[in-house]
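K.L.:
What follows is a single structure, and I will ask about it in a moment.
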């Protein structure tokens with residue numbers, strides 16, 4: 101195989117690995133330097149027919165001519181590069197060819213090497229939780245802020261690499277950072293609440309769930325029935341364990357968001373529900389002696405009110421006595 105064909109087939113990727121290595125040894129050999137220059141010179145000074153056969157050589161020539169920008173390069177006389185004899189290839193052209201050969205060699209050899217399979221990146225799950233008697237504020241990767249109530253759990257993928265999706269057990273108030281390109285979704289039991297940028301409260305301690313919208317707009321979907329409802333500010337959607345459809349109604353927003361400011365509020369709540377709230381709010385265990393009446397409780401307590409003060413007020417309206425021993429409370433109904 102002549103050198104011209106060998107050079108052409110190298111750049112066309114038609115040489116075997118062994119032939120390519122032999123070609124590179126010839127190209128990089130000091131004793132063959134004159135021959136290499138001569139072959140490259142022939143290619144760049146070939147007639148139109150030859151240049152069409154090998155566009156790469158002509159491409160190098162055109163690029164270098166534009167770089168020279170009409171300037172003439174003068175070569176110093178030497179034993180093998182005399183201007184009076186045959187004009188030789190400029191040194192910049194030789195450097196260009198050498199660079200391309202080196203780069204193409206790396207590509208050529210890489211193509212013949214099997215790629216190592218990439219291991220999938222696994223992002224860890226971030227979990228934020230509060231025991232009974234404790235509340236916290238959670239700052240999410242996208243800048244959204246969550247007030248997490250006591251006895252609640254919030255989880256999401258590290259850095260939101262799987263999207264702006266969180267999972268909630270319990271109660272939380274969400275102040276969602278606006279992002280028109282990425283929706284924000286909260287999964288809580290049966291319900292999925294989706295928004296772009298808004299604020300809302302979700303209560304999902306048990307099988308009964310409710311979503312109250314404060315600002316913006318959200319879409320709430322029931323995983324069971326696939327029903328979907330859009331909420332406007334001041335509206336609540338709820339689902340009970342015994343229901344098969346979503347129900348929407350207008351509510352007093354403050355009644356559902358007092359808790360995040362440390363204010364305890366009851367609005368016609370049964371005593372059974374009051375006991376559950378007090379256990380979570382203060383981190384205590386409440387036992388009952390006697391029969392719980394069907395009375396409804398309504399009351400607003402100042403921020404971070406003591407448990408004894410709350411029990412004193414409730415005992416007057418519902419009629420019970422109580423005993424408090426560390427984190428254990430006993431209610432005694434008449």
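Numbering (the numbering used here), first residue to last: 101 to 434.
Heads up, the beta-carbon is just placed ideally off N, CA and C, and yes, glycines get one too.
Nothing here was measured: the structure is a model prediction, and the numbers come from that model.
Which class does residue 403 belong to by DSSP, given the choice of helix, strand or coil?
P.N.:
coil
K.L.:
Please name the residue, chosen from 336, 372, 248 and 400, that lies closest to residue 387 on a Cα-to-Cα basis.
P.N.:
372
K.L.:
Rounded to the nearest angstrom, how far is the Cβ of residue 314 from that of residue 339, given a contact under 8 Å?
P.N.:
With a Cβ gap of about 19 Å, residue 314 and residue 339 do not count as contacting.
K.L.:
Check whether the region 318 to 331 touches the region 377 to 395, counting contact only when three or more Cβ pairs, one atom from each stretch, lie closer than 8 Å.
P.N.:
no
K.L.:
Identify which residue in 410, 380, 423 and 431 has its Cα closest to the Cα of residue 233.
P.N.:
Of the listed residues, the one whose Cα sits closest to residue 233 is 380.
K.L.:
Would you kindly check if the distance between the Cβ of residue 305 and the Cβ of residue 271 is under 8 Å?
P.N.:
yes
K.L.:
Could you give the residue range of the beta strand (DSSP E) that holds residue 225?
P.N.:
225 to 230 is the extent of the beta strand (DSSP E) around residue 225.
K.L.:
DSSP beta-bridge partners for residue 240?
P.N.:
Residue 240 pairs with nothing; no bridge assigned.
K.L.:
Got a sec? Which residues, its chain only, sit under 8 Å from residue 336 by beta carbon, not counting five neighbours each side?
P.N.:
310, 311, 312, 313, 348, 349, 350, 351 and 356
K.L.:
Alpha carbon to alpha carbon, how far is residue 110 from residue 138?
P.N.:
Cα to Cα, the separation comes out at about 17 Å.
K.L.:
Who pairs with residue 390 in a beta bridge, going by DSSP?
P.N.:
For residue 390, which the question treats as bridged, DSSP gives no partner whatsoever.
K.L.:
Under 8 Å Cβ to Cβ from residue 415, same chain only, skipping five residues before and after it: list those, please.
P.N.:
421 and 422
K.L.:
Rounded to whole angstroms, what's the CA-CA distance from residue 211 to residue 104? Just pull it up for me.
P.N.:
Note that residue 211 scores 48 on pLDDT, short of 50, meaning its location in the model is unreliable; the coordinates nonetheless yield the value given after this. Distance between the alpha carbons of residue 211 and residue 104: 24 Å.
K.L.:
Compare the beta carbon distance of residue 263 and residue 279 with 8 Å and say whether it is the shorter of the two.
P.N.:
No, they are not a contact pair.
K.L.:
Go ahead and pull the three-state DSSP assignment for residue 305.
P.N.:
If DSSP states are grouped into helix, strand and coil, residue 305 belongs with coil.
K.L.:
Applying the criterion that 16 or more other CB atoms from any shown protein chain within 10 Å of the CB defines a buried residue, is residue 409 buried or exposed?
P.N.:
exposed
K.L.:
Looking at C-alpha atoms only, which residue of 249, 224 and 223 is the closest neighbour of residue 231?
P.N.:
249
K.L.:
Which residue spans inside the region 329 to 398 form an unbroken alpha helix (DSSP H) run of at least 4?
P.N.:
353 to 357 and 371 to 382
K.L.:
Give every residue of the same chain whose Cβ lies closer than 6 Å to the Cβ of residue 172, excluding the five residues on either side of it in the sequence, and list them in chain order.
P.N.:
Annotation note: pLDDT 41 at residue 172 (below 50); position unreliable, no value reported.
K.L.:
For the alpha helix (DSSP H) containing residue 127, name the first residue and the last one.
P.N.:
117 to 128
K.L.:
Applying the criterion that 16 or more other CB atoms from any shown protein chain within 10 Å of the CB defines a buried residue, is residue 187 buried or exposed?
P.N.:
At residue 187 the pLDDT is 41, less than 50, meaning the model places this residue with poor confidence; the figure from the coordinates comes in the next sentence. By the 10 Å Cβ count, residue 187 comes out exposed.
K.L.:
Who does residue 310 pair with in a DSSP beta bridge?
P.N.:
The partner list for residue 310 (beta bridge, DSSP) reads 303 and 338.
K.L.:
Following the continuous beta strand (DSSP E) through residue 270, name the residue where it begins and the one where it ends.
P.N.:
264 to 275
K.L.:
Just the C-alpha distance for residue 285 and residue 398, rounded to the nearest angstrom, thanks.
P.N.:
33 Å
K.L.:
Reducing DSSP to helix, strand and coil, say where residue 409 ends up.
P.N.:
Residue 409 carries a helical assignment under DSSP once its states are collapsed to helix, strand and coil.
K.L.:
Please report how far the alpha carbon of residue 426 lies from the alpha carbon of residue 292, in whole angstroms.
P.N.:
39 Å
K.L.:
Would DSSP call residue 430 helix, strand or coil?
P.N.:
strand
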